[in-house]
Amino acid sequence: MPMEPDSVVWSALLGSCRKHGNTQLAKLAADRLKELAPEDSLVYVQMLNIYSSDGDFGEAGLMRKEMKGSRVKKEPGLSWIEIGNQVHEFSSGGRRHPGTNLISRKLKELIGQLREIGYIPDTSSSLHDVEEEHKEEQLYHHSEKLALVFAIMNESSLHCGRTGIKIMKNIRVCVDCHNFMKLASNLLHKDIVVRDTNRFHHFKDGICSCNDYR
1 MPMEPDSVVW SALLGSCRKH GNTQLAKLAA DRLKELAPED SLVYVQMLNI YSSDGDFGEA
61 GLMRKEMKGS RVKKEPGLSW IEIGNQVHEF SSGGRRHPGT NLISRKLKEL IGQLREIGYI
121 PDTSSSLHDV EEEHKEEQLY HHSEKLALVF AIMNESSLHC GRTGIKIMKN IRVCVDCHNF
181 MKLASNLLHK DIVVRDTNRF HHFKDGICSC NDYR
């Protein structure tokens, strides 16, 4: 490489390591990111996910302790969607939106429909000391899922038939939400676009434009 790789390059490498299960190279990328962007919680979250996916909960615990010691705080997941010229914000696990109860009921219905076509919650990145049922419940209420359901509920105001459903997210979309959106685009016969901190994800007919690179 003709120039010194920056945090963007190392972050992309870390994401690739997670996809391909290269833990050793991931450690190298994580160490460089800690030097270049010490205030960024993403590197810790990514490594936690990598260790948890590998079943190495000892290293995951050490990474969690290191994150706590560094005073870096995990950024809460937020998503935004525009409905009828008004922007609505959703937080992961949050219940601040006035339509929370109805959204939760509709989300439960959608999850049931998606399970029938193959959706299986991916809890590999969840904390190992949490019951499986609670892991799934936490995944179900990630902010982009709530935003998607709200869009479906307000389709007439969204005018999404031609341009698709567009969601903005402040952190990287997780593996489970990525799988969820792919299946939802196929079930609903709608394009779903999620813009996270890494890229635009254009979900259409059960496929994402990132080719599952994330």
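Here the sequence shown stands for residues 1 to 214, where the numbers follow the UniProt record's numbering.
By construction, the Cβ of each residue, glycine as well, lies at the ideal position given by its N, Cα and C atoms.
{"Item": "Can you give the Cα-Cα distance for Asp196 and Ser79, rounded to whole angstroms?", "Value": "9 Å"}
{"Item": "Sorted by chain position, which residues of the same chain lie with C-beta nearer than 8 Å to Lys27's C-beta, five sequence neighbours on each side aside?", "Value": "Met47"}
{"Item": "Ends of the alpha helix (DSSP H) at His202?", "Value": "Element bounds for His202: not the alpha helix (DSSP H) but the beta strand (DSSP E), 200-204."}
{"Item": "Exposed or buried, which one is Glu176 when buried takes at least 16 other CB atoms within 10 Å?", "Value": "Residue identity differs from the one stated: residue 176 is Asp in this sequence, not Glu. Buried, by the Cβ-count rule."}
{"Item": "To test your reading of the DSSP string, which unbroken beta strand (DSSP E) runs of 3 or more residues are found completely within the region 54-132?", "Value": "78-83, 86-91"}
{"Item": "How is Gly161 classed by DSSP in three states: helix, strand or coil?", "Value": "Summary for Gly161: the model assigns pLDDT 49, below 50, so the residue's position carries little reliability, and this model does not support an answer."}
{"Item": "Shortest alpha-carbon distance to Ala29 belongs to which of Gln86, Ala12, Ser41, Gly84?", "Value": "Ala12"}
{"Item": "Quickly, what does DSSP pair Ile192 with across the bridge? List them, please.", "Value": "Ile165, Phe203"}
{"Item": "Going by CA-CA distance only, name the one from Thr23, Gly94, Leu25, Val43 that's closest to Val8.", "Value": "Val43"}
{"Item": "Using C-beta distances below 6 Å, list every residue in its chain close to Met67, excluding the 5 sequence neighbours before and after it, in chain order.", "Value": "Tyr44"}
{"Item": "What three-state label does DSSP hand Cys17 in the structure shown?", "Value": "helix"}
{"Item": "Report the rounded CA-to-CA distance for Gly55 versus Lys73, giving the unit in angstroms.", "Value": "24 Å"}
{"Item": "So the candidates are Gly58, Arg96, His178, Leu188; which of them puts its Cα closest to the Cα of Arg199?", "Value": "His178"}
{"Item": "Would Ser185 be called buried (16 or more neighbouring beta carbons within 10 Å of its own) or exposed?", "Value": "buried"}
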